[in-house]
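> Please read through the structure below; I'll follow up with questions.
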Amino acid sequence: MSSIIKNLSTLHYSPIILKDVIGLFYKDIESTKNNILLSYLILPFYCNEKTFSFFKNARRSKSTGGLTSSLITFNAKKENTSGLAEKIIEFKALTNTCIQIIVDSDSAIIYDNMSLRVKDFNIDLDSNRKKAILNMAEILTEFDVVSTYRMLGIREI
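All residue numbers for the sequence shown refer to the numbering used here, where the first residue is 640 and numbers rise by one.
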């Protein structure tokens, strides 16, 4: 029975599938210094049902079209960030593999200032997932990378 669960876990956390999540996150964001460090937040938030739900249901202002949900509102619920440091460590190798696949396929560039820029990237995700990931990108890039990590209570990667 445990081999079945292990095989399902391997399929569920496949870097071939999850590279699309990271690629979409970086597709439309600005290439800023150290933005590659945001990649370590993507999979822990994406693979957690509660945090994924927050990003999927993030509200937009009817007048401006901008998000009214922010990193501050996300951080207000402590269950969103509970155990985040451990989850980052858990997903670190998988995140690195996903980024390596994207870079090796010439779909992304890592610059000297540790910024990641995704070029042409074909994303194969449903509309709800795309919406959640794009909202996540908008919320996590609201502040600089160091401030984002500090607000989330992450001291090291």
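From the three backbone atoms N, C-alpha and C, an ideal C-beta is built for every residue, glycine too.
1) Let's see if you can read the secondary structure: which residues bound the beta strand (DSSP E) around S756?
2) For P654, tell me which candidate among L779, E795, V742, L773 has the shortest Cα-Cα distance.
3) Compare the Cα-Cα distances from S786 to each of L706, R698, N714 and report the closest residue.
4) Determine the burial state of Y750: buried for a count of at least 16 other Cβ atoms within 10 Å of its Cβ, exposed for fewer.
5) Can you find the residues in the same chain that come closer than 6 Å, C-beta to C-beta, to I708, ignoring five residues on each side of it along the sequence?
6) Taking only the alpha-carbon atoms, compute the straight-line gap between N735 and N774 and give it to the nearest angstrom.
7) In this structure, how does DSSP classify R698 when only helix, strand and coil are distinguished?
8) Leaving out the 5 sequence neighbours to the left and right, which residues in its chain are closer than 7 Å to E777 when beta-carbon positions are compared?
9) Identify every residue that forms a DSSP beta bridge with A715.
10) Per the DSSP calculation, A724 is bridged to which residue(s)?
11) Look at the Cβ atom of A771, then the Cβ atom of F691, and state whether they are nearer than 7 Å.
12) Give a yes or no on whether the C-beta atoms belonging to I727 and Y679 are separated by under 7 Å.
13) With DSSP as the reference, label I748 as helix, strand or coil.
14) Would you check if the distance between the CB atom of V784 and the CB atom of N673 is smaller than 7 Å?
15) Taking only three categories from DSSP, how would you classify L706?
Taking the definition as stated:
1) Before going on, a small fix: residue 756 reads as Arg here, not Ser. 755 to 757 is the extent of the beta strand (DSSP E) around R756.
2) V742
3) N714
4) exposed
5) The displayed chain sequence assigns Ser, not Ile, to residue 708. Cβ within range, chain order: A697, R698.
6) 22 Å
7) coil
8) L706
9) None; A715 has no bridge partner.
10) Answer is none; A724 lacks a bridge partner.
11) yes
12) yes
13) strand
14) yes
15) strand
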